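In the UniProt record's numbering, the protein residues as written are 1 to 459.
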Amino acid sequence: MKRRINWIIEMVSGSVQYESELDESFAVSGVSIDTRTLSPGNLYIPIIGEVFDGHSFVKQAVKAGAVATLWQADRPLPKISIPVIIVPNTLHALQQMAERYLTETCCRVVAITGSNGKTTTKDLVASVLSTSFEVHKTVGNFNNHIGLPLTILEMPETTEVVVLEMGMNHSGEILELSRLAKPDIAMVTNIGESHIGHLGSREKIAEAKLEICDGLSKNGALLIDGDEALLYQNPFRGHVTAIGWDEKCEEGPEMVEMKGLSGWSFQSRKTGHSYTLPLLGKHNVKNALFAIETGRLLDLSEESIAKGLRDVPTTSMRLEINQASNGMKIINDAYNASPTSVYAALDILEEIEPDLQKWALLAGVEELGEQEVTYHQKIGEYAVSKNLAGLITVGLKGLWIHEAAKLASPNQLQLKHFPSNEEAFSYLKQEGNKNILLLVKASRKAGLDRIVKQLVEGA
1 MKRRINWIIE MVSGSVQYES ELDESFAVSG VSIDTRTLSP GNLYIPIIGE VFDGHSFVKQ
61 AVKAGAVATL WQADRPLPKI SIPVIIVPNT LHALQQMAER YLTETCCRVV AITGSNGKTT
121 TKDLVASVLS TSFEVHKTVG NFNNHIGLPL TILEMPETTE VVVLEMGMNH SGEILELSRL
181 AKPDIAMVTN IGESHIGHLG SREKIAEAKL EICDGLSKNG ALLIDGDEAL LYQNPFRGHV
241 TAIGWDEKCE EGPEMVEMKG LSGWSFQSRK TGHSYTLPLL GKHNVKNALF AIETGRLLDL
301 SEESIAKGLR DVPTTSMRLE INQASNGMKI INDAYNASPT SVYAALDILE EIEPDLQKWA
361 LLAGVEELGE QEVTYHQKIG EYAVSKNLAG LITVGLKGLW IHEAAKLASP NQLQLKHFPS
421 NEEAFSYLKQ EGNKNILLLV KASRKAGLDR IVKQLVEGA
(Lines of atoms letter the chains of each structure in order from A and count residues from 1; the text may use other names and numbers.)
(Lines give C-alpha, C1' and ligand atoms only; values in the text may rest on other atoms or scores of the structure.)
Protein backbone atom coordinates (compact mmCIF):
# COMPACT_ATOMS: atom_id res chain seq x y z
CA MET A 1 0.00 0.00 0.00
CA LYS A 2 1.33 3.39 -0.99
CA ARG A 3 -0.82 6.37 -0.06
CA ARG A 4 -0.41 10.08 0.58
CA ILE A 5 -0.55 11.04 4.20
CA ASN A 6 -3.67 13.16 3.64
CA TRP A 7 -5.49 9.99 2.54
CA ILE A 8 -4.54 8.34 5.82
CA ILE A 9 -5.62 11.35 7.87
CA GLU A 10 -8.99 11.37 6.12
CA MET A 11 -9.53 7.60 6.45
CA VAL A 12 -8.90 7.56 10.19
CA SER A 13 -10.51 10.94 10.96
CA GLY A 14 -7.20 12.00 12.48
CA SER A 15 -5.51 15.25 13.37
CA VAL A 16 -1.82 15.92 12.85
CA GLN A 17 0.95 17.11 15.11
CA TYR A 18 4.11 18.00 13.21
CA GLU A 19 6.84 20.57 13.74
CA SER A 20 6.95 21.58 10.06
CA GLU A 21 4.29 22.30 7.46
CA LEU A 22 2.97 19.03 6.02
CA ASP A 23 3.67 18.50 2.31
CA GLU A 24 0.49 17.23 0.62
CA SER A 25 2.54 14.94 -1.64
CA PHE A 26 4.13 13.25 1.37
CA ALA A 27 3.41 9.50 1.17
CA VAL A 28 3.89 6.31 3.16
CA SER A 29 4.69 2.87 1.76
CA GLY A 30 3.15 0.12 3.83
CA VAL A 31 2.35 -0.13 7.52
CA SER A 32 3.92 -1.87 10.49
CA ILE A 33 2.92 -2.62 14.08
CA ASP A 34 6.31 -4.10 14.99
CA THR A 35 9.51 -2.04 15.12
CA ARG A 36 11.58 -5.21 14.70
CA THR A 37 10.24 -5.79 11.18
CA LEU A 38 9.43 -2.20 10.19
CA SER A 39 10.78 -1.10 6.80
CA PRO A 40 11.91 2.42 5.89
CA GLY A 41 8.96 4.40 4.54
CA ASN A 42 6.36 2.59 6.68
CA LEU A 43 3.58 4.14 8.71
CA TYR A 44 3.98 2.92 12.30
CA ILE A 45 0.77 1.85 14.05
CA PRO A 46 1.24 1.36 17.81
CA ILE A 47 -1.21 -1.28 19.04
CA ILE A 48 -2.08 -1.64 22.72
CA GLY A 49 -1.82 -5.30 23.71
CA GLU A 50 -2.25 -7.30 26.89
CA VAL A 51 1.47 -7.20 27.67
CA PHE A 52 3.04 -4.43 25.54
CA ASP A 53 1.91 -1.00 24.41
CA GLY A 54 3.25 -0.14 20.96
CA HIS A 55 3.37 3.55 21.90
CA SER A 56 6.40 2.73 24.08
CA PHE A 57 8.42 1.82 20.98
CA VAL A 58 7.78 4.86 18.80
CA LYS A 59 11.38 6.12 19.03
CA GLN A 60 12.60 2.72 17.82
CA ALA A 61 10.10 3.04 14.94
CA VAL A 62 11.56 6.42 13.96
CA LYS A 63 15.08 4.98 14.13
CA ALA A 64 14.01 2.04 11.92
CA GLY A 65 12.73 4.42 9.24
CA ALA A 66 9.06 5.08 9.96
CA VAL A 67 7.98 8.28 8.19
CA ALA A 68 4.79 8.84 10.22
CA THR A 69 2.93 7.27 13.12
CA LEU A 70 -0.61 6.91 14.32
CA TRP A 71 -1.15 7.83 17.97
CA GLN A 72 -4.00 7.06 20.34
CA ALA A 73 -5.46 10.26 21.79
CA ASP A 74 -5.38 9.07 25.41
CA ARG A 75 -1.59 8.58 25.33
CA PRO A 76 0.91 11.40 26.13
CA LEU A 77 2.15 12.92 22.88
CA PRO A 78 5.71 11.97 21.90
CA LYS A 79 8.52 14.36 21.03
CA ILE A 80 9.62 12.92 17.68
CA SER A 81 10.63 14.26 14.27
CA ILE A 82 7.93 12.60 12.14
CA PRO A 83 4.23 13.45 11.69
CA VAL A 84 1.99 12.13 14.47
CA ILE A 85 -1.59 11.35 13.39
CA ILE A 86 -3.83 11.42 16.45
CA VAL A 87 -6.81 9.04 16.44
CA PRO A 88 -9.34 7.86 19.05
CA ASN A 89 -8.17 4.22 18.76
CA THR A 90 -5.16 2.93 16.81
CA LEU A 91 -6.59 -0.57 16.28
CA HIS A 92 -9.83 0.83 14.86
CA ALA A 93 -7.79 3.14 12.63
CA LEU A 94 -5.84 0.16 11.27
CA GLN A 95 -9.11 -1.59 10.47
CA GLN A 96 -10.61 1.53 8.84
CA MET A 97 -7.60 1.92 6.57
CA ALA A 98 -7.76 -1.74 5.55
CA GLU A 99 -11.46 -1.58 4.76
CA ARG A 100 -11.04 1.50 2.57
CA TYR A 101 -7.94 0.18 0.80
CA LEU A 102 -9.72 -3.10 0.04
CA THR A 103 -12.62 -1.15 -1.48
CA GLU A 104 -10.29 0.96 -3.62
CA THR A 105 -8.42 -2.02 -5.07
CA CYS A 106 -11.72 -3.48 -6.36
CA CYS A 107 -10.35 -7.00 -5.92
CA ARG A 108 -12.53 -10.01 -5.20
CA VAL A 109 -12.45 -11.40 -1.69
CA VAL A 110 -12.43 -15.08 -0.70
CA ALA A 111 -12.82 -15.69 3.04
CA ILE A 112 -12.10 -19.01 4.77
CA THR A 113 -12.92 -20.20 8.27
CA GLY A 114 -13.37 -23.54 10.01
CA SER A 115 -12.17 -25.44 13.05
CA ASN A 116 -9.56 -27.34 11.01
CA GLY A 117 -8.13 -27.02 7.53
CA LYS A 118 -8.26 -23.23 7.13
CA THR A 119 -4.60 -22.78 6.29
CA THR A 120 -4.33 -25.73 3.90
CA THR A 121 -7.56 -24.73 2.15
CA LYS A 122 -6.27 -21.16 1.87
CA ASP A 123 -3.09 -22.45 0.21
CA LEU A 124 -5.12 -24.64 -2.17
CA VAL A 125 -7.51 -21.82 -3.11
CA ALA A 126 -4.67 -19.35 -3.67
CA SER A 127 -2.73 -21.85 -5.79
CA VAL A 128 -5.74 -22.59 -8.01
CA LEU A 129 -6.65 -18.92 -8.47
CA SER A 130 -3.02 -17.93 -9.11
CA THR A 131 -3.17 -19.76 -12.44
CA SER A 132 -5.42 -16.98 -13.77
CA PHE A 133 -5.29 -14.02 -11.34
CA GLU A 134 -2.91 -11.86 -9.33
CA VAL A 135 -3.55 -13.34 -5.87
CA HIS A 136 -2.63 -12.20 -2.37
CA LYS A 137 -3.20 -14.44 0.65
CA THR A 138 -2.92 -14.53 4.42
CA VAL A 139 0.61 -15.41 5.53
CA GLY A 140 1.21 -17.42 8.69
CA ASN A 141 -1.41 -16.92 11.37
CA PHE A 142 -2.36 -13.35 10.43
CA ASN A 143 -6.04 -14.24 10.64
CA ASN A 144 -7.46 -12.19 13.51
CA HIS A 145 -8.66 -8.62 14.12
CA ILE A 146 -5.08 -7.35 13.77
CA GLY A 147 -3.58 -9.80 11.29
CA LEU A 148 -6.39 -9.63 8.73
CA PRO A 149 -6.24 -5.83 8.21
CA LEU A 150 -2.44 -6.05 8.04
CA THR A 151 -2.78 -8.74 5.35
CA ILE A 152 -5.07 -6.44 3.36
CA LEU A 153 -2.75 -3.45 3.67
CA GLU A 154 0.18 -5.58 2.44
CA MET A 155 -1.64 -6.32 -0.85
CA PRO A 156 -0.03 -5.02 -4.03
CA GLU A 157 -2.21 -2.50 -5.88
CA THR A 158 -2.48 -4.98 -8.76
CA THR A 159 -4.14 -7.70 -6.64
CA GLU A 160 -7.18 -9.20 -8.37
CA VAL A 161 -8.21 -11.72 -5.69
CA VAL A 162 -7.34 -11.74 -1.99
CA VAL A 163 -7.71 -14.99 -0.03
CA LEU A 164 -8.25 -14.28 3.66
CA GLU A 165 -8.13 -16.78 6.50
CA MET A 166 -10.43 -15.87 9.40
CA GLY A 167 -9.65 -17.26 12.84
CA MET A 168 -11.43 -16.87 16.16
CA ASN A 169 -11.47 -17.72 19.84
CA HIS A 170 -14.83 -16.20 20.81
CA SER A 171 -18.19 -15.44 19.22
CA GLY A 172 -18.39 -12.07 17.47
CA GLU A 173 -14.84 -12.18 16.11
CA ILE A 174 -15.64 -13.67 12.68
CA LEU A 175 -18.56 -11.22 12.46
CA GLU A 176 -16.13 -8.30 12.78
CA LEU A 177 -13.74 -9.74 10.19
CA SER A 178 -16.50 -10.51 7.69
CA ARG A 179 -17.94 -7.01 7.95
CA LEU A 180 -14.49 -5.57 7.32
CA ALA A 181 -13.59 -7.80 4.35
CA LYS A 182 -17.07 -8.11 2.75
CA PRO A 183 -16.27 -11.41 0.97
CA ASP A 184 -17.60 -12.41 -2.44
CA ILE A 185 -17.02 -16.09 -1.63
CA ALA A 186 -17.02 -17.47 1.91
CA MET A 187 -16.41 -21.00 3.13
CA VAL A 188 -16.63 -22.98 6.36
CA THR A 189 -14.38 -26.02 6.04
CA ASN A 190 -15.71 -27.91 9.09
CA ILE A 191 -16.76 -27.75 12.74
CA GLY A 192 -14.53 -29.43 15.32
CA GLU A 193 -13.70 -29.05 18.99
CA SER A 194 -11.27 -26.12 18.71
CA HIS A 195 -12.31 -23.30 21.08
CA ILE A 196 -14.93 -25.46 22.80
CA GLY A 197 -13.32 -24.26 26.03
CA HIS A 198 -14.45 -20.72 25.19
CA LEU A 199 -17.76 -21.43 23.46
CA GLY A 200 -19.04 -24.49 25.32
CA SER A 201 -20.46 -26.64 22.50
CA ARG A 202 -20.08 -27.55 18.83
CA GLU A 203 -23.41 -25.82 18.17
CA LYS A 204 -21.99 -22.54 19.49
CA ILE A 205 -18.82 -23.06 17.46
CA ALA A 206 -20.93 -23.50 14.30
CA GLU A 207 -22.87 -20.31 15.07
CA ALA A 208 -19.62 -18.41 15.52
CA LYS A 209 -18.11 -19.75 12.28
CA LEU A 210 -21.27 -18.92 10.34
CA GLU A 211 -20.85 -15.26 11.30
CA ILE A 212 -18.78 -15.21 8.11
CA CYS A 213 -22.11 -14.85 6.29
CA ASP A 214 -22.75 -11.42 7.82
CA GLY A 215 -20.50 -9.50 5.44
CA LEU A 216 -20.94 -11.88 2.50
CA SER A 217 -22.24 -10.21 -0.64
CA LYS A 218 -25.89 -11.02 -1.39
CA ASN A 219 -24.73 -12.01 -4.88
CA GLY A 220 -21.86 -14.05 -3.47
CA ALA A 221 -21.49 -17.73 -2.66
CA LEU A 222 -21.18 -19.78 0.52
CA LEU A 223 -19.36 -23.13 0.49
CA ILE A 224 -19.93 -25.42 3.48
CA ASP A 225 -18.80 -28.80 4.76
CA GLY A 226 -21.76 -30.86 3.61
CA ASP A 227 -20.93 -33.67 6.03
CA GLU A 228 -21.63 -31.35 9.00
CA ALA A 229 -25.35 -31.08 9.79
CA LEU A 230 -24.82 -27.93 11.90
CA LEU A 231 -23.75 -25.93 8.84
CA TYR A 232 -27.04 -26.42 7.03
CA GLN A 233 -28.55 -24.06 9.62
CA ASN A 234 -26.76 -21.10 8.03
CA PRO A 235 -28.37 -17.64 7.64
CA PHE A 236 -27.23 -17.03 4.04
CA ARG A 237 -30.02 -16.92 1.47
CA GLY A 238 -27.84 -16.75 -1.63
CA HIS A 239 -25.89 -19.44 -3.51
CA VAL A 240 -24.85 -22.26 -1.14
CA THR A 241 -22.83 -25.32 -2.18
CA ALA A 242 -22.39 -28.31 0.14
CA ILE A 243 -19.10 -30.17 -0.36
CA GLY A 244 -18.57 -33.56 1.24
CA TRP A 245 -18.35 -37.32 1.12
CA ASP A 246 -22.08 -37.80 1.65
CA GLU A 247 -23.91 -38.42 -1.63
CA LYS A 248 -26.48 -35.74 -0.77
CA CYS A 249 -23.74 -33.11 -1.23
CA GLU A 250 -23.74 -31.24 -4.52
CA GLU A 251 -19.98 -31.70 -4.84
CA GLY A 252 -17.79 -34.47 -3.47
CA PRO A 253 -14.90 -36.80 -4.30
CA GLU A 254 -15.27 -40.00 -6.31
CA MET A 255 -12.74 -42.66 -7.38
CA VAL A 256 -10.37 -41.62 -4.59
CA GLU A 257 -6.98 -43.34 -4.72
CA MET A 258 -4.01 -42.91 -2.37
CA LYS A 259 -0.59 -42.43 -4.00
CA GLY A 260 1.55 -43.05 -0.90
CA LEU A 261 3.68 -40.06 0.11
CA SER A 262 2.82 -38.49 -3.26
CA GLY A 263 -0.76 -37.69 -2.24
CA TRP A 264 -4.07 -38.55 -3.92
CA SER A 265 -5.98 -38.82 -7.17
CA PHE A 266 -9.76 -38.34 -7.35
CA GLN A 267 -12.66 -37.26 -9.52
CA SER A 268 -15.25 -34.52 -9.05
CA ARG A 269 -18.77 -35.82 -8.46
CA LYS A 270 -20.15 -32.66 -10.05
CA THR A 271 -18.27 -32.71 -13.37
CA GLY A 272 -16.37 -36.02 -13.55
CA HIS A 273 -13.04 -34.26 -14.04
CA SER A 274 -9.94 -35.95 -12.59
CA TYR A 275 -7.37 -34.31 -10.31
CA THR A 276 -4.12 -35.14 -8.53
CA LEU A 277 -3.30 -33.65 -5.14
CA PRO A 278 0.28 -33.76 -3.76
CA LEU A 279 -0.81 -33.58 -0.10
CA LEU A 280 -1.08 -36.23 2.58
CA GLY A 281 -4.38 -36.81 4.33
CA LYS A 282 -7.67 -37.98 2.88
CA HIS A 283 -9.36 -34.97 4.48
CA ASN A 284 -7.33 -32.76 2.13
CA VAL A 285 -9.23 -34.23 -0.82
CA LYS A 286 -12.31 -32.46 0.50
CA ASN A 287 -10.31 -29.29 1.17
CA ALA A 288 -9.18 -29.44 -2.48
CA LEU A 289 -12.81 -29.49 -3.60
CA PHE A 290 -13.38 -26.16 -1.84
CA ALA A 291 -10.59 -24.76 -4.01
CA ILE A 292 -11.99 -26.43 -7.13
CA GLU A 293 -15.45 -24.96 -6.55
CA THR A 294 -13.95 -21.52 -5.88
CA GLY A 295 -12.13 -21.71 -9.20
CA ARG A 296 -15.36 -22.57 -11.00
CA LEU A 297 -17.18 -19.66 -9.35
CA LEU A 298 -14.51 -17.36 -10.77
CA ASP A 299 -14.78 -18.96 -14.24
CA LEU A 300 -11.48 -20.83 -14.33
CA SER A 301 -11.09 -23.73 -16.74
CA GLU A 302 -10.84 -27.25 -15.34
CA GLU A 303 -7.31 -27.43 -16.76
CA SER A 304 -6.24 -24.33 -14.81
CA ILE A 305 -7.85 -25.67 -11.65
CA ALA A 306 -6.05 -29.01 -12.02
CA LYS A 307 -2.71 -27.25 -12.56
CA GLY A 308 -3.22 -25.15 -9.43
CA LEU A 309 -3.82 -28.26 -7.34
CA ARG A 310 -0.77 -30.04 -8.74
CA ASP A 311 1.49 -27.06 -8.00
CA VAL A 312 0.21 -26.14 -4.54
CA PRO A 313 2.86 -24.73 -2.18
CA THR A 314 1.95 -25.48 1.43
CA THR A 315 2.49 -23.80 4.77
CA SER A 316 5.31 -25.44 6.75
CA MET A 317 4.48 -27.85 9.58
CA ARG A 318 1.24 -28.91 7.84
CA LEU A 319 1.81 -32.61 7.11
CA GLU A 320 5.27 -31.66 5.90
CA ILE A 321 7.66 -34.50 5.06
CA ASN A 322 11.11 -34.20 6.67
CA GLN A 323 14.05 -36.56 7.12
CA ALA A 324 15.96 -36.77 10.38
CA SER A 325 19.74 -36.98 10.40
CA ASN A 326 19.45 -40.56 11.73
CA GLY A 327 17.43 -41.60 8.65
CA MET A 328 13.98 -41.52 10.26
CA LYS A 329 11.19 -40.07 8.10
CA ILE A 330 9.04 -37.45 9.81
CA ILE A 331 5.52 -36.19 9.10
CA ASN A 332 5.70 -32.74 10.69
CA ASP A 333 2.16 -31.62 11.55
CA ALA A 334 3.13 -29.55 14.59
CA TYR A 335 1.62 -26.23 13.42
CA ASN A 336 -1.53 -26.68 15.50
CA ALA A 337 -4.00 -29.32 16.65
CA SER A 338 -7.51 -30.22 17.70
CA PRO A 339 -8.73 -33.71 18.63
CA THR A 340 -10.25 -34.08 15.15
CA SER A 341 -7.02 -33.12 13.40
CA VAL A 342 -5.02 -35.49 15.63
CA TYR A 343 -7.32 -38.35 14.63
CA ALA A 344 -6.92 -37.40 10.96
CA ALA A 345 -3.13 -37.31 11.26
CA LEU A 346 -3.09 -40.73 12.93
CA ASP A 347 -5.28 -42.06 10.11
CA ILE A 348 -2.74 -40.81 7.59
CA LEU A 349 0.11 -42.45 9.48
CA GLU A 350 -1.72 -45.78 9.39
CA GLU A 351 -2.58 -45.53 5.68
CA ILE A 352 0.83 -44.78 4.16
CA GLU A 353 4.22 -46.52 3.88
CA PRO A 354 3.15 -50.02 5.04
CA ASP A 355 6.74 -51.29 5.12
CA LEU A 356 7.83 -48.80 7.81
CA GLN A 357 7.32 -48.92 11.57
CA LYS A 358 4.85 -46.20 12.61
CA TRP A 359 5.67 -44.00 15.59
CA ALA A 360 3.74 -40.99 16.85
CA LEU A 361 5.06 -38.12 18.97
CA LEU A 362 2.07 -36.40 20.62
CA ALA A 363 1.63 -33.62 23.18
CA GLY A 364 -1.07 -31.28 24.46
CA VAL A 365 -4.05 -29.88 22.55
CA GLU A 366 -5.11 -26.42 23.77
CA GLU A 367 -8.48 -24.68 24.32
CA LEU A 368 -10.52 -27.77 25.23
CA GLY A 369 -12.00 -26.38 28.44
CA GLU A 370 -13.31 -28.53 31.25
CA GLN A 371 -13.29 -31.67 29.09
CA GLU A 372 -9.60 -31.48 28.19
CA VAL A 373 -8.62 -34.58 30.19
CA THR A 374 -11.32 -36.65 28.48
CA TYR A 375 -10.34 -35.39 25.02
CA HIS A 376 -6.68 -36.30 25.60
CA GLN A 377 -7.64 -39.73 26.92
CA LYS A 378 -9.68 -40.34 23.77
CA ILE A 379 -6.64 -39.40 21.69
CA GLY A 380 -4.62 -42.03 23.56
CA GLU A 381 -7.27 -44.69 22.98
CA TYR A 382 -7.52 -43.76 19.29
CA ALA A 383 -3.75 -43.88 18.84
CA VAL A 384 -3.68 -47.45 20.17
CA SER A 385 -6.19 -48.49 17.49
CA LYS A 386 -3.92 -47.28 14.66
CA ASN A 387 -1.41 -50.18 14.62
CA LEU A 388 1.47 -48.09 15.92
CA ALA A 389 4.81 -49.58 16.88
CA GLY A 390 5.63 -46.67 19.18
CA LEU A 391 3.79 -43.83 20.95
CA ILE A 392 5.88 -41.09 22.55
CA THR A 393 4.19 -38.35 24.59
CA VAL A 394 5.46 -35.13 26.17
CA GLY A 395 4.31 -32.91 29.04
CA LEU A 396 1.37 -32.99 31.44
CA LYS A 397 -1.32 -33.21 28.76
CA GLY A 398 0.75 -35.78 26.93
CA LEU A 399 0.70 -37.82 30.14
CA TRP A 400 -3.11 -38.04 29.89
CA ILE A 401 -2.67 -39.47 26.38
CA HIS A 402 -0.01 -41.88 27.65
CA GLU A 403 -2.06 -43.17 30.58
CA ALA A 404 -5.14 -43.83 28.43
CA ALA A 405 -3.02 -45.57 25.79
CA LYS A 406 -1.38 -47.70 28.47
CA LEU A 407 -4.77 -48.96 29.65
CA ALA A 408 -5.89 -49.77 26.10
CA SER A 409 -2.52 -50.82 24.70
CA PRO A 410 -1.63 -54.16 23.14
CA ASN A 411 1.68 -55.53 24.36
CA GLN A 412 3.48 -54.85 21.07
CA LEU A 413 3.00 -51.07 21.32
CA GLN A 414 6.05 -49.37 22.80
CA LEU A 415 4.92 -46.51 25.07
CA LYS A 416 7.25 -43.75 26.25
CA HIS A 417 6.44 -40.57 28.16
CA PHE A 418 8.81 -37.68 28.83
CA PRO A 419 8.22 -34.59 30.99
CA SER A 420 10.25 -32.37 28.65
CA ASN A 421 10.89 -31.87 24.94
CA GLU A 422 14.62 -32.23 25.53
CA GLU A 423 14.21 -35.76 26.88
CA ALA A 424 11.90 -36.72 24.01
CA PHE A 425 14.43 -35.38 21.49
CA SER A 426 17.29 -37.37 23.05
CA TYR A 427 15.26 -40.57 22.90
CA LEU A 428 14.19 -40.05 19.27
CA LYS A 429 17.69 -39.10 18.17
CA GLN A 430 19.09 -42.28 19.70
CA GLU A 431 16.33 -44.73 18.76
CA GLY A 432 15.18 -43.37 15.41
CA ASN A 433 16.33 -45.03 12.18
CA LYS A 434 15.51 -45.40 8.48
CA ASN A 435 12.87 -48.05 9.20
CA ILE A 436 10.65 -45.64 11.18
CA LEU A 437 8.03 -43.11 10.04
CA LEU A 438 7.33 -40.62 12.85
CA LEU A 439 4.20 -38.43 13.07
CA VAL A 440 4.66 -35.24 15.12
CA LYS A 441 1.38 -33.64 16.21
CA ALA A 442 0.28 -31.20 18.94
CA SER A 443 -0.82 -27.61 19.47
CA ARG A 444 1.85 -25.04 18.63
CA LYS A 445 2.28 -24.22 22.31
CA ALA A 446 3.83 -27.65 22.89
CA GLY A 447 6.87 -26.65 20.80
CA LEU A 448 7.25 -30.00 19.03
CA ASP A 449 8.40 -28.15 15.90
CA ARG A 450 11.67 -27.48 17.73
CA ILE A 451 12.16 -31.23 18.22
CA VAL A 452 11.68 -31.76 14.48
CA LYS A 453 14.21 -29.02 13.70
CA GLN A 454 16.75 -30.61 16.04
CA LEU A 455 16.20 -34.08 14.58
CA VAL A 456 16.61 -32.83 11.02
CA GLU A 457 19.73 -30.84 11.86
CA GLY A 458 21.15 -33.61 14.04
CA ALA A 459 21.68 -31.12 16.87
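Glycine included, C-beta positions come from ideal geometry on N, C-alpha and C. Values in this document were obtained by computation on a predicted structure and should not be read as measured data.
Using the DSSP secondary-structure output, state which residues sit across from residue i in a beta bridge.
i	result
I8	According to DSSP, which records beta bridges pairwise, I8 is partnered with nothing at all.
D333	K441
Y382	Its beta-bridge partners do not exist; DSSP assigns none.
E320	N332
D355	Answer is none; D355 lacks a bridge partner.
residue 461	Here the chain has residues from 1 to 459 only, and residue 461 is not among them.
I292	None, per the DSSP bridge assignment.
L223	M187, T241
V16	I85
I436	Q357
With distances taken between CB atoms, is the gap from residue i to residue j smaller than 8 Å?
i	j	result
I85	G54	no
L153	M166	no
N190	N141	no
E381	A405	yes
A208	V163	no
G226	D246	yes
Y375	E193	yes
E293	T241	yes
G308	V16	no
G220	G197	no
P83	A68	yes
V188	V161	no
A442	G364	yes
L415	L391	yes
K445	E366	yes
L455	K429	yes
C213	A186	yes
Relative to the C-alpha of residue i, which candidate in the options has its C-alpha closest?
i	options	result
L413	H376, T294, W359, N169	W359
residue 462	P78, L319, R179	The chain is shown from 1 up to 459; residue 462 falls before or after that span and cannot be answered.
G49	F26, L91, G260, T374	L91
T151	I174, G197, L94, I9	L94
P88	A73, A337, R100	A73
F425	G369, A345, N326, A337	N326
S262	K270, L277, G272	L277
V12	L70, P46, V28	L70
K204	E372, Y44, Q233	Q233
W7	L43, R36, T35, N332	L43
K63	V51, R36, G147, R75	R36
H195	N336, Q377, N421, I321	N336
S338	L361, E372, K270	E372
E303	L175, G272, N322, L448	G272
T131	I451, T103, L300	L300
S385	E351, D184, N332, K329	E351
S25	N169, P46, G14, R3	R3
L297	L223, H170, Q357	L223
S171	P156, H145, D333	H145
T314	F418, T138, R108, V110	T138
Helix, strand or coil for residue i per DSSP?
i	result
A360	strand
R3	strand
S194	coil
P253	strand
D347	helix
G390	strand
K307	helix
Q430	helix
F418	strand
F425	helix
L407	helix
D449	helix
N326	coil
T271	coil
P339	helix
T314	coil
E366	coil
Q371	helix
L399	helix
A208	helix
E203	helix
E302	helix
Q377	helix
L297	helix
D454	The sequence shown places Gln at residue 454, rather than the Asp named in the question. If DSSP states are grouped into helix, strand and coil, Q454 belongs with the helices.
N287	helix
At 3 residues or longer, what runs of the beta strand (DSSP E) sit wholly inside the UniProt domain "Mur ligase N-terminal catalytic" (28-101)? 68-72, 84-87
Enumerated in chain order, which unbroken segments of the beta strand (DSSP E) with a length of 3 residues or greater are wholly contained in the stretch 99-186? 108-113, 135-137, 161-165
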